[in-house]
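Reviewing the structure listed below.
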Amino acid sequence: MAPNSSEGLPIPHQQHSRRTGLNMFSPDARDESGAASQTNEKVAWDTLWKNVVEERIEEGVQKGTAGDCGKVENMKGGSTLSLENLPATGNITENSPANALVYVFSVKLSPSCAEVAVGYPIIINSNPLTDAFQIVPESKLVYRVVTTENPILDYETMPHLFDLQIYVMDTAGATDLQTLTVKIEDVNEPPMFQGNMATQSIMIYILEGSGAGNIYQIEAIDPERKELKYSLTPASDLFIVSNSGTISTTRQFDYEKDQHSYFLNITATDNLGLKTTGTVIVNIININDEAPYFTMKQISYTIPEEQRPGTIVAHITAKDPDDEGFISRLTYSISPPNEYFSINPLTGVIQVAKRIDREASTFQLHPRISLLIHVEDSPRGGQMNETEITIIIEDINDNPPECKQYTFSSKIPETATPGTLLFALRDYCYDNDVEPPNNKFNFTGLSGLGSNTFTLDPVGSGIVVVTRDLNFENPANQAMKDEYSLTVVVQDIAWPNYANNIYIYIKILPVNEFLPVFDSSSYVFNVPEITPATSKIGKVSATDKDLPFAGITYSIVGGGGTFGYTNIFWIDPEKGDMKIIATLDYETTQRYILTVQASDSEKTATVSVTVNVLEVNDEKPVCTPNSYSLAVPVDLAVGTNIEGFSILCHDPDSSPRSFRYFINSGNINNHFTFSPSAGSNSSRLILVSRFDYENGLDTTWAYSLRIYVTDDNLLSGSDRATVHVETGTVTLSIKVIPNPATLLPATPGFTLLIRRENTFSASAWYVPFVICLGSMLLLGVLGYLTFLLAKYIRTNCPPKPKADKHMLTKTPEKKNPKKEIVLEMTKLNTVFDGEARDPVTGKMYEFNSKSGARRWKDTKVLTETKITDPVVQVISSATAKGGEEKDGTGTPSKKEAGVDEKAPEVENMAAKPTEGMTDTSGQGNLKLQEPKERALSRGSLLTVPPQRSPVLFPKIYPPIAAKISLKQ
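In the UniProt record's numbering, the protein residues as written are 1 to 968.
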């Protein structure tokens, strides 16, 4: 059972040290209390441990941890398990090694099947804390306390007593705790030197001629802090050592007469006789008084170039009479310093300091270096000497052959003959070495793809030539490639035969020797005219005998007199597929003769291509007018040709009898039809059923008919599904004119609209451009003229006073000049075949039953202006309020006196056409204009001759174009 497991007994120090408040492991407490403190501490500890054991036993009773062996109740009183021979005291000397025996104890078990638990007994604590001891088993129940040497026991630096708490537990849960006191015993230790003398011998240097005196102070200590004594062995009359450890000389030394070195053994002894010995070496230093001299005989040396830094070149030797046998006392130098060589100042060895290149410009002509060697004895500034040596730099083969370029390429025609020179490689290569044979090289090892096609001739010369025929068309060369990669080795003749590779790339260029040949002398393609754009219409093909085949490019180079053929035909430059890029028109051109060229980038061949356009019904019927506006009286008789309207159609590729007419959309309640509906190129619009607005069957007053005209009348039903049929379109706008008897208080107006559609061809792009440009220029000119006119009027014609908004009346005091109204009108329909009374005003008006045009029956103004026949369709733009009659003075008659307050509104309505000199109809297509010379104020009425009733301006319905000029 693990000592710290939840099933074992708690470790007393960990569980109860705080609870008891005892600081049992404080070293200071032990030191102060002494033996009495130790006794009190043990009593406290035993009491604490007894309490812990009793608590643990009670817990064991509750949890049943005692097991099957042993009885828990027997554990009380400590009779079941005990540590024999404890508590006790064990002694151990300081500096003891690991596993040194401290104490032996045993464990006494109760007479049961319990055994000592695994890992027990253990030291659970120590006072002071330390890991210097451990428990090891000696037999089953006998254990030893031994040292661990962690740390090493030292009497002088560590506590002298350690209390070890030994804790044991058996498998039945019984425990015991006892204390072992370990006492550290002091052992006398030898003295120890301090400083450098503790680890090595001390060397002392004394100049010759120096007087007697102290030369060194020995530092040593005794671990027991006892006094030491010092002695010198062997005894000498030249050196003495004092009791304090000071070494002194007794006289002056002479280097030439006395020894150069002395070995002194210094012994330190403690009070018990233990000794420690150290060595002091005293060296006598010579005084410099004679110049050194060189001892080597050689003054010229030869070395190869490119030596590594540090390579030894020469060894300069010299001697100093003042110090025979001690060359190290001389100092060597090069004066002045040289960048390529250095000398060891102590040994005189000359070494290479920097890489020397014989090929450098400095050494190409003068490969010699002179060095002036200085030798000086010590100390610096003493005696010196000098000599000159020469070092010759020898050339070696250290450079491979080099070339200005290592990659060569050439393109040669396939017609090149054997022996053709390609490259002279020696002209591009060189060797930087200075002396032969180091700078000699040749060319070898021609290898790679094509080595049997090219060679070096002569061998080693570097001249590359062709060896065989290269023609691609030669059957023997069918497997020959057009690109070759060769490698040539340029190599030194001298050892170590440095080499470099030269790479040669040769490309054989095919020569264009043959013209392209078309597989046919001419081509003919038949193309229906309805073939859509981008469709393929045929293919031309040509071959070329040149190898390798480089491809053929096709192009159209001539159109046989056809203008703009490049906008109609296109040929694939690689495949030769011919396509149309615009639609063909048999009615315009039935045949195209083109010239197609095949090119192999150098040579060309041409062939004639004929394109026959096959006729197909691809033209739509075109009808005039294709857009029209009509007016239908609501009570028009069935079967009437509406306004005599008819359409006339034509088709360039169809018979006039092939047309069919039908209304596709807008024919609400089927009031309209065309007659004839087929078999003619002309057809009339017929009303086939009456309008019924009163009963609500009809609600639409404006119809927009979309008429389809097809050219398939002569085809059977089955043929129409297979043969191409074209359809033309006509748009009609029909307005139903209500019966005047049912008019609303405000008489509705209507407008006849004639719509003309212009067709635009993409090829005639310049037409709208010219029109737009001309329109912009014209607008600019008109704007400028208007500006000049306005400026002139503003300058010469001052503005008139603002006109009175009230009705103008005749004043006897002021007479207006007589004005003549001239109307220029275009006749639309002069027959007014009916008349009726207006239910609002009670006035009579005339109307045309076909066109729906109306006019007031009493038109005095038109009669007085000598217009005998009514020639226009007019409808008053005034509402019911504008139908008031006026007397000769221009004032309302008595009949209408009750509504005279509405006269200004009537005046305004009548005056609207004069504002700005224009009157715009409901569609805005026609304008009633007045000369600019007559500038009327806004809102005024036209001034009419005396004794004339004011006449309201009529609305003019398209396509009437009227101009009114007022002449004074």
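Beta carbons are placed, not taken as given, at the ideal position from N, Cα and C, and that holds for glycine.
Indicate whether residue i and residue j have their beta-carbon atoms separated by less than 8 angstroms.
i           : j           : result
residue 467 : residue 487 : no
residue 708 : residue 674 : no
residue 616 : residue 592 : no
residue 602 : residue 653 : no
residue 217 : residue 249 : no
residue 263 : residue 279 : yes
residue 975 : residue 540 : The first residue shown for the chain is 1 and the last is 968, placing residue 975 beyond what the model contains.
residue 646 : residue 684 : yes
residue 206 : residue 284 : yes
residue 103 : residue 117 : no
residue 465 : residue 419 : yes
Using the beta-carbon count (16 or more within 10 Å), is residue i buried or exposed?
i           : result
residue 576 : buried
residue 623 : buried
residue 165 : buried
residue 339 : exposed
residue 776 : exposed
residue 143 : buried
residue 392 : exposed
residue 792 : exposed
residue 971 : As displayed, the chain neither begins before 1 nor continues past 968, which places residue 971 out of reach and without an answer.
residue 529 : buried
residue 194 : exposed
residue 424 : exposed
residue 574 : exposed
residue 769 : exposed
residue 581 : exposed
residue 671 : buried
residue 276 : buried
residue 703 : buried
residue 178 : buried
Round the Cβ separation of residue i and residue j to the nearest angstrom and send it over; I've been treating them as touching at under 8 angstroms.
i           : j           : result
residue 202 : residue 215 : Wrong, their Cβ atoms sit about 10 angstroms apart, outside the cutoff.
residue 333 : residue 345 : 6 angstroms
residue 109 : residue 176 : Going by Cβ atoms, the distance from residue 109 to residue 176 rounds to 11 angstroms, so no, they are not a contact pair.
residue 638 : residue 690 : 6 angstroms
residue 92  : residue 147 : 6 angstroms
residue 482 : residue 548 : 7 angstroms
residue 656 : residue 680 : 7 angstroms
residue 604 : residue 598 : 7 angstroms
residue 436 : residue 498 : That pair is no contact at about 15 angstroms.
So, with DSSP's three-state summary, where would you put residue i?
i           : result
residue 470 : coil
residue 983 : Limits of the chain in this structure are 1 at one end and 968 at the other, which puts residue 983 out of reach.
residue 157 : coil
residue 794 : helix
residue 442 : strand
residue 628 : strand
residue 567 : helix
residue 176 : strand
residue 362 : helix
residue 322 : helix
residue 419 : coil
residue 449 : strand
residue 766 : helix
residue 616 : coil
residue 969 : Residue 969 falls outside the range modelled here, since the chain spans only 1 to 968, and no answer is possible.
residue 786 : helix
Between residue i and chain C, is any beta-carbon pair separated by less than 8 angstroms?
i           : result
residue 459 : Considering every chain present, this structure includes no chain C. It has just one protein chain.
*Looking at C-beta atoms only, is the number of pairs between the region 408-424 and the region 491-511 that lie closer than 8 angstroms three or more?*
Under the three-pair Cβ rule at 8 angstroms, the region 408-424 counts as touching the region 491-511.
*Evaluate contact between the region 537-546 and the region 512-522, counting only Cβ atoms and requiring at least three cross-stretch pairs below 8 angstroms.*
As far as the Cβ criterion goes, the region 537-546 touches the region 512-522, which means the pair count is three or higher.
*Within the chosen definition, does the region 345-365 reach the region 301-321 through at least 3 CB pairs nearer than 8 angstroms?*
Yes: the two stretches touch, three or more of their Cβ pairs being nearer than 8 angstroms.
*Do the region 187-198 and the region 206-224 make contact, defined as three or more Cβ pairs closer than 8 angstroms?*
Contact between the region 187-198 and the region 206-224 is present: three or more C-beta pairs spanning the two stretches fall below 8 angstroms.
*Using 8 angstroms as the Cβ pair cut-off and three pairs as the minimum, do the region 520-530 and the region 594-609 touch?*
Touching, per the Cβ criterion.
*Assess, as a yes-or-no matter, whether the region 432-445 is touched by the region 455-465 under the definition of 3 or more beta carbon pairs within less than 8 angstroms.*
These segments touch.
*Touch check for the region 150-160 and the region 236-246: three-plus C-beta pairs under 8 angstroms?*
In short, these stretches do not touch, since the Cβ pair count stays below three.
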